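Chemist: Sharing a structure below in structure tokens format, with a few things to ask.
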Amino acid sequence: MATAEQGAGRDTTDEAPGTTASHPAPEPAADAHHGEGPVEVPGGAGSGPPAAPRRRLLADASLSAVLAGLITVVVSCSGPLLVVLAAAAAGRLTDAQTASWVWAACVGSGVTCAVLSWWTRMPVITAFSTPGAAVLVGSLGDYTYPEAVGAFLVSGVLMALTGLTGVFGQIMRRVPPGIVAAMLAGVLFSFGVDLFAALDGAPLPVLAALATYLAVKQRSPRYAVAWALVAAVLATAVAPGLHAPSVAVGLTLPVFTAPEFTVSAVVGLAVPLAVVTMASQNAPGLGVLAACGYRPNDRLLITATGLASTALAPLGGHAVNLAAITAAISTGEESHRDPDRRYVAGLACGVFYLLAGVGGAALVGLFAALPPQLIAVIAGVALLATFSSSLAQAVADERGRDAAVVTFLTTASGVTLGGIGSACWGLVLGLVTHLALNDRRDRRDGDSRNDRDDRDTRRDRDDQSDRDDRDTRGDRDDRDDRDRARQDREKTA
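Just so we're on the same page, my numbering is the position in the sequence shown counted from 1, plus 1292.
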């Protein structure tokens, strides 16, 4: 597989206008991680430093990409962080242990974001497992904290081994690109709805952000989200009842906890945590990268996040994984028009995650106090372009349109069955629909082709029979002519 660095020396200053995340401009065959045609999620050779010179970071850096990384962290640390705090409360953790958990979750996400984005030259966005934390809310209280840490460690090992085998990537490669795009659109649907639902309680920030976004997008699309963010923050500051919180600033230090391994914790915590994280986070995470035109190396990304989860388990980190929802903020065209330069958003995301981890205690108070309307406006505006392009790609292929609709509706429903989120179920039901409908169509098409072949065979046979009859009549006429000529010669003699 061509790696992300093979296109590192390509000049991107003349990128064609209108290039989108899901439809990058045509590139040479050696280009790294994106190209025209259907997107896929291949496995194979890992991404690593090339023999050719690397792209220069300062030349690739842009305000839009850095801001995309910031918004990604803000959205990741708002609602999802509250789920982690709820899980910590369910496990009766001390304040120091809770702060260490936040530190491990943010630092793990930051390191993997920065390293993987730099290594692959893709905007690889990672995060702590929100579905995994939701599972822990209901089960963490049944185990001691050292037992939970042991389960976190085992879960990380299981995910790393899954990545090393490449099985997960083989499964993902069988999913049609339209279904992957529909899954992404379904994941982002709630953000679009929440954006306009915020009109109820905070009309000024919503209208200010939308008006600014539309006005700036006409002239400078790269900075539309940046100016919309500024407008939303200013409108929130002056809106009645919506004020910025005051937060005490302080440094957070991790707390080491020796793991304790028990069969009950491995079965009750480690296995569900690994399964939910792989199904609800890593699968959609690979899909987001693929839907935006990249070709992620599933073995590298899943193995790396699994190893990070294992290393951070004794410090309280429950799971590091590929981001699903928030990744679209940094992987789409709003991050940068040139897909080869969006990796800067991943680097920025990693830096902001690290800052959030160092100030973990302050972060807890900050995001608990932020107006939810502000978060809804920021996330909704940042994801508008990605949502529209994903929805268009989902219904582009008429043969897969029904399956894409099933995927979109299932994912957008937010249903959770067996602890597995709607994104995974959307992929499953969409794939089942695709196989069922296309298998029936293929059989029908096959029957039609067979009928045509039979008709062609009969027509060819009839034509051949007619030719044989004509040849036979011609031979008989020739014999008759020869006989008459002989008889005439005999009479003359």
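For glycine and all other residues, C-beta sits at the position ideal for the given N, C-alpha and C. All values reported here derive from a predicted model rather than from experimental measurement.
#1: For V1441 and T1528, what's the separation of their Cα atoms in angstroms?
#2: Tell me whether the beta-carbon of G1649 lies closer than 8 Å to the beta-carbon of W1393.
#3: Which residues in the same chain have their Cβ closer than 7 Å to the Cβ of M1570, if we skip the five residues on either side of it in sequence?
#4: Whose C-beta lies closer than 8 Å to the C-beta of A1550 among residues of the same chain, with five residues either side of it excluded?
#5: Under the assumption that P1631 contacts G1585 (Cβ atoms under 8 Å), give the Cβ distance between them as a whole number of angstroms.
#6: Take T1693 and list the residues in its own chain whose beta-carbon comes closer than 7 Å to its own, dropping the five residues that flank it on each side.
#7: Check H1326 in the structure and name its three-state DSSP category.
#8: In whole angstroms, what separates the C-alpha of V1508 from that of A1600?
#9: Can you say whether R1633 is buried or exposed, counting buried as having 16 or more other CB atoms within 10 angstroms of its CB?
#10: Check each candidate in V1358, V1612 and L1581 and name the one with the smallest Cα separation from P1469.
#11: At which residues does the beta strand (DSSP E) containing V1612 begin and terminate?
#12: By how many angstroms is the C-alpha of V1367 removed from the C-alpha of V1416?
#13: For Q1685, count neighbouring C-beta atoms within 10 Å of its own C-beta (all shown protein chains included) and say buried if the count is 16 or more, exposed if not.
#14: I want to know whether the region 1511-1519 touches the region 1401-1419 - three or more CB-CB distances under 8 Å.
#15: Here's the rule: buried if 16 or more other CB atoms are within 10 angstroms of the residue's CB, otherwise exposed. What is Q1462?
#16: Go ahead and label T1457 buried or exposed: buried means 16 or more other beta carbons lie within 10 angstroms of its beta carbon, across all protein chains shown.
#17: Can you list, in chain order, the residues of its chain with a C-beta nearer than 7 Å to that of A1388? Leave out the 5 residues immediately preceding and following it.
#18: Check whether the Cβ atoms of F1420 and V1376 sit closer than 8 Å, and answer yes or no.
#19: By DSSP's criteria, T1749 is part of a beta bridge. Which residues make up the other side?
#20: Whole angstroms is fine: what's the gap from V1798's alpha carbon to N1730's?
#21: Return the residue from the list V1530, L1719 and F1553 that minimises the CA-CA distance to R1465.
#22: Do G1672 and G1484 count as a contact pair if the criterion is CB distance below 8 Å?
#23: From the DSSP output, in three-state form, read off A1353 for me.
#24: Does the beta-carbon of R1591 have 16 or more other beta-carbons within 10 angstroms, so that it is buried, or is it exposed?
#25: Which full runs of the beta strand (DSSP E) of 3+ residues lie inside the region 1468-1549, going along the chain?
Modeler: Let me spell this out:
#1: In the sequence shown, residue 1441 corresponds to position 149, counting from 1. In the sequence shown, residue 1528 corresponds to position 236, counting from 1. Their Cα atoms are separated by approximately 40 Å.
#2: Your numbering for residue 1649 matches position 357 in the sequence shown. Your numbering for residue 1393 matches position 101 in the sequence shown. Not a contact, by the Cβ cut-off of 8 Å.
#3: As a working mapping, residue 1570 is identified with position 278 in the sequence shown. Beyond the five residues adjoining it in sequence on each side, M1570 comes within less than 7 Å, by CB distance, of M1451, T1454 and F1460 in the same chain, given in chain order.
#4: For this step, residue 1550 is matched to residue 258 along the sequence shown. Excluding positions up to five away in sequence, the list reads P1438, V1441 and P1606.
#5: Numbered from its first residue, the sequence shown carries residue 1631 at position 339. Numbered from its first residue, the sequence shown carries residue 1585 at position 293. The Cβ separation is near 6 Å, so the contact holds.
#6: For this step, residue 1693 is matched to residue 401 along the sequence shown. Just to set this straight, residue 1693 is Arg in the shown sequence, not Thr. Excluding sequence neighbours, R1693 sits near V1687.
#7: Here residue 1326 refers to the residue found at position 34 when the sequence shown is read from its first residue. Note that H1326 scores a pLDDT of 42, beneath 50, so its modelled location is shaky and nothing firm can be said.
#8: Within the sequence shown, residue 1508 is the residue found at index 216, counting from 1. Within the sequence shown, residue 1600 is the residue found at index 308, counting from 1. Distance between the alpha carbons of V1508 and A1600: 40 Å.
#9: Numbered from 1 along the sequence shown, position 341 holds the residue referred to as residue 1633. Buried: at least 16 other Cβ atoms inside 10 Å.
#10: Mapped onto the sequence shown, residue 1469 falls at position 177. Nearest of V1358, V1612 and L1581 to P1469, Cα basis: L1581.
#11: Residue 1612 sits at position 320 when you count from the first residue of the sequence shown. Unbroken beta strand (DSSP E) run through V1612: V1612 to L1614.
#12: The residue labelled residue 1416 in the question sits at position 124 within the sequence shown. The residue labelled residue 1367 in the question sits at position 75 within the sequence shown. If you take the alpha carbons of V1416 and V1367, they lie about 16 Å apart.
#13: Stepping through the sequence shown from its first residue, residue 1685 is reached at position 393. Flag for Q1685 reads buried.
#14: As far as the Cβ criterion goes, the region 1511-1519 does not touch the region 1401-1419, which means the pair count is below three.
#15: Here residue 1462 refers to the residue found at position 170 of the sequence shown. Exposed: under 16 other Cβ atoms inside 10 Å.
#16: As a first step, residue 1457 must be located in the sequence shown, where it is residue number 165. Label assigned to T1457: exposed.
#17: For the purposes of this step, residue 1388 is taken as residue 96 along the sequence shown, with counting starting at 1. Same-chain partners within the cutoff: V1547.
#18: Position 128 of the sequence shown, counted from the start, is the residue given in the question as residue 1420. Position 84 of the sequence shown, counted from the start, is the residue given in the question as residue 1376. Contact: yes.
#19: Taking the sequence shown and counting its residues from 1, the one referred to as residue 1749 is at position 457. Bridge partners of T1749: none, in fact.
#20: This structure leaves residue 1798 out entirely; the chain is present only between 1293 and 1785.
#21: As a position in the sequence shown, residue 1465 is number 173, starting the count at 1. Comparing Cα-Cα distances from R1465 to each of V1530, L1719 and F1553, the minimum goes to L1719.
#22: Here residue 1484 is taken as the residue at index 192 of the sequence shown, counted from 1. Here residue 1672 is taken as the residue at index 380 of the sequence shown, counted from 1. Yes. Within cutoff.
#23: To locate residue 1353, count along the sequence shown from 1; it is residue 61. Note: A1353 maps to coil in three-state DSSP.
#24: Along the sequence shown, read from residue 1 onward, the residue named residue 1591 stands at position 299. Buried.
#25: none
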